[in-house]
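Student:
Protein chains: 2
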Amino acid sequence: MDKALVEKARELLNANYISTTLSTVDKDYNVNIAVISVLEMIDDETVICARFGADRTYANLKETGKGVFMVLLTDGEKSKDGIRVYVELIGDYTEGEYYERIKERLLKTRYASFPLKNCLVFKITDILPVSLLKK
Amino acid sequence: MDKALVEKARELLNANYISTTLSTVDKDYNVNIAVISVLEMIDDETVICARFGADRTYANLKETGKGVFMVLLTDGEKSKDGIRVYVELIGDYTEGEYYERIKERLLKTRYASFPLKNCLVFKITDILPVSLLKK
Chain A
0 MDKALVEKAR
10 ELLNANYIST
20 TLSTVDKDYN
30 VNIAVISVLE
40 MIDDETVICA
50 RFGADRTYAN
60 LKETGKGVFM
70 VLLTDGEKSK
80 DGIRVYVELI
90 GDYTEGEYYE
100 RIKERLLKTR
110 YASFPLKNCL
120 VFKITDILPV
130 SLLKK
Chain B
0 MDKALVEKAR
10 ELLNANYIST
20 TLSTVDKDYN
30 VNIAVISVLE
40 MIDDETVICA
50 RFGADRTYAN
60 LKETGKGVFM
70 VLLTDGEKSK
80 DGIRVYVELI
90 GDYTEGEYYE
100 RIKERLLKTR
110 YASFPLKNCL
120 VFKITDILPV
130 SLLKK
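If you're matching them up, the sequences are chains A and B in order. Residues in the first sequence are numbered consecutively from 0, following numbering that gives the first Met the number 0. Residues in the second sequence are numbered consecutively from 0, following numbering that gives the first Met the number 0.
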């Protein structure tokens with residue numbers, strides 16, 4: 000994967016912007032999208048993520064395992080920037096090192112009052128800019 | 000569907016905010032998300048949409064036919080609002096009334112220089128707020 004895109008993904012995902020989303024799908028191809036913002040890209044290929052609500056997203060991941068994160072930053076209506084990070088679920092913990100690590104992060108956010116249910120672990124399969132549109 | 004949500008969907012989709020996205024999926028459950036903002040909710044159940052780039056989104060829709068639009072509005076990092084509109088593809092036109100209607104809209108946007116490829120027609124299957132999280 001492109002090094003610049005990997006660095007951009009790390010910067011934007013780890014900022015935990017309020018506009019971070021995760022799109023997922025069930026086995027009947029019903030697509031869902033949810034705001035999922037408490038996460039950490041812990042190395043070039045791995046993202047860990049706090050799951051405290053997001054019941055449909057969680058059920059979808061357990062069924063099909065695939066999704067895409069998007070961080071979309073807009074400057075009013077003038078311009079946009081961001082990243083798309085394609086992932087596959089490779090772990091789901093309710094205790095242990097990753098669970099404690101993401102719990103610490105959750106406690107520093109606006110969602111601190113929600114009990115952490117799961118720490119989801121994703122392998123990054125691709126990273127793309129927000130748009131491939133060319134003139 | 001909840002009347003208030005229908006009205007909110009109409010208002011937010013028809014504003015064509017730069018932060019409007021469409022999430023789709025291929026038959027192997029690979030999920031994609033793209034900024035897709037030139038669209039019009041023409042009645043309580045129907046959205047027409049300009050397709051000028053978005054090759055992967057288009058291919059996904061032809062394969063599985065399902066997706067979800069999201070309009071996410073943030074007030075800095077303080078708060079978020081928006082809507083999720085779940086859809087199924089029911090039409091794909093390269094001419095005709097809907098095609099001309101969305102072409103007129105496209106010509107008034109920042110994407111006016113891109114030739115319109117398709118007018119996609121979606122049936123709305125569900126509308127949800129951006130978050131169902133409850134304390």
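Cβ coordinates follow ideal geometry from the N, Cα and C atoms, glycine included.
Determine the chain B residues that contact L131/A at a beta-carbon separation under 9 Å, and present them in chain order.
Tutor: In the first sequence, residue 131/A corresponds to position 132, counting from 1. Those are A33, G52, A53, D54, R55, listed as they occur along chain B.
Student: Which runs of the beta strand (DSSP E), 3 residues or longer, sit entirely within the region 47-131 of chain A?
Tutor: Listed in chain order, they are 65-74, 78-92, 117-128.
Student: Less than 7 Å between the beta carbons of V120/B and G90/B, yes or no?
Tutor: Counting from one through the second sequence, the residue named residue 120/B turns up at place 121. Counting from one through the second sequence, the residue named residue 90/B turns up at place 91. Yes; because the gap between Cβ atoms is below 7 Å, this pair is in contact.
Student: Between L4/B and G75/A, what straight-line distance do the alpha-carbon atoms span, to the nearest angstrom?
Tutor: Taking the second sequence and counting its residues from 1, the one referred to as residue 4/B is at position 5. Taking the first sequence and counting its residues from 1, the one referred to as residue 75/A is at position 76. C-alpha separation (whole angstroms): 24 Å.
Student: Pair every Cβ in the region 56-63 of chain A with every Cβ in the region 24-39 of chain A, then say whether three or more of these pairs are closer than 8 Å.
Tutor: Touching, yes.
Student: Would you identify the three-state DSSP class for E39/A, choosing helix, strand or coil?
Tutor: What you label residue 39/A is simply residue 40 of the first sequence in a count that begins at 1. Strand, per DSSP.
Student: Along the region 58-87 of chain B, what residues have a CB closer than 7 Å to any CB found in chain A?
Tutor: Correct list: T63, K65, G66, V67, M69, L71, T73, E76, K79, R83.
Student: Given this structure, state the Cα-to-Cα distance separating V37/A from C48/A, to the nearest angstrom.
Tutor: Within the first sequence, numbered from 1, the residue matching residue 37/A stands at position 38. Within the first sequence, numbered from 1, the residue matching residue 48/A stands at position 49. Answer to the nearest angstrom: the Cα atoms are 6 Å apart.
Student: Going by DSSP in three states, N29/A sits in which element: helix, strand or coil?
Tutor: The residue you call residue 29/A lines up with position 30 of the first sequence. Reduced to three states, the DSSP call for N29/A is coil.
Student: What I want to know is whether the C-beta of T19/B ends up closer than 6 Å to one or more non-hydrogen atoms of the ligand SAH.
Tutor: This structure lacks the ligand SAH, and indeed carries no ligand of any kind.
Student: Can a CB atom of chain A be found closer than 7 Å to the CB of N117/B?
Tutor: If you number the second sequence from 1, residue 117/B lands on position 118. With 7 Å as the cut-off, N117/B does not count as an interface residue toward chain A.
Student: With a cut-off of 8 Å, do at least 3 Cβ pairs link the region 39-48 of chain B to the region 124-132 of chain A?
Tutor: Judged by Cβ distances under 8 Å, the region 39-48 of chain B makes no contact with the region 124-132 of chain A, as fewer than three pairs qualify.
Student: On the criterion of 16 or more Cβ atoms from any shown chain inside 10 Å, does S18/A qualify as buried, or is it exposed?
Tutor: As a first step, residue 18/A must be located in the first sequence, where it is residue number 19. Looking at its Cβ environment, which holds 16 or more other Cβ atoms inside 10 Å, S18/A is buried.
Student: Residues of chain A with a CB under 9 Å from the CB of N13/B: which are they?
Tutor: Within the second sequence, numbered from 1, the residue matching residue 13/B stands at position 14. Per Cβ cutoff of 9 Å: no residues; N13/B is ~14 Å from chain A at best.
Student: Does V30/A have its Cβ less than 7 Å from a Cβ in chain B?
Tutor: In the first sequence, residue 30/A corresponds to position 31, counting from 1. Yes, its Cβ sits closer than 7 Å to a Cβ of chain B.
Student: On a CA-only basis, which of L12/B, L105/B, K102/B, T63/B is nearest E44/B? Give me that one, please.
Tutor: Locating residue 44/B in the second sequence gives position 45, counting from the first residue. The option with the nearest alpha carbon to E44/B is L12/B.
Student: Is the shortest distance between the beta-carbon of S36/B and the beta-carbons of chain A less than 7 Å?
Tutor: Within the second sequence, numbered from 1, the residue matching residue 36/B stands at position 37. With 7 Å as the cut-off, S36/B does not count as an interface residue toward chain A.
Student: Output, in chain order, the set of chain B residues within a Cβ distance shorter than 7 Å of T23/A.
Tutor: As a first step, residue 23/A must be located in the first sequence, where it is residue number 24. Those are V30, listed as they occur along chain B.
Student: Within 7 Å of any Cβ in chain B, is that where the Cβ of I17/A sits?
Tutor: By 1-based counting over the first sequence, the position of residue 17/A is 18. Yes, I17/A counts as interfacial toward chain B.
Student: At what residues does the beta strand (DSSP E) containing S18/B begin and finish?
Tutor: On the second sequence, position 19 is the one that residue 18/B refers to. Looking at the DSSP string, S18/B is not in any beta strand (DSSP E), and its letter there is neither H nor E.
Student: Identify the contact partners of T108/A in chain B, using a Cβ-Cβ distance below 7 Å as the criterion.
Tutor: Indexing the first sequence from 1 puts residue 108/A at position 109. Neighbours of T108/A on chain B: none; closest Cβ ~10 Å, over 7 Å.
Student: Between which two residues does the alpha helix (DSSP H) harbouring K140/B extend?
Tutor: Here chain B has residues from 0 to 134 only, and residue 140/B is not among them.
Student: Along chain B, which residues have their Cβ under 8 Å away from the Cβ of T45/A?
Tutor: Residue numbering aside, residue 45/A sits at position 46 when the first sequence is read from its first letter. Correct list: empty, because the minimum Cβ distance to chain B is about 18 Å.
Student: Report the rounded CA-to-CA distance for T20/B versus A33/B, giving the unit in angstroms.
Tutor: Along the second sequence, one-based indexing puts residue 20/B at 21. Along the second sequence, one-based indexing puts residue 33/B at 34. Each residue's alpha carbon lies about 5 Å from the other.
Student: Leaving aside the five residues before and after K7/B along the sequence, list all residues of the same chain whose C-beta is less than 7 Å from its C-beta, in chain order.
Tutor: As a first step, residue 7/B is located in the second sequence; it is residue number 8 there, counting from the start. Within the same chain, K7/B has close Cβ partners I82.
Student: Taking E87/B as the reference, give the member of A14/B, I101/B, I126/B, S112/B with the closest Cα.
Tutor: Numbered from 1 along the second sequence, position 88 holds the residue referred to as residue 87/B. For the residues A14/B, I101/B, I126/B, S112/B, the minimum Cα distance to E87/B belongs to I126/B.
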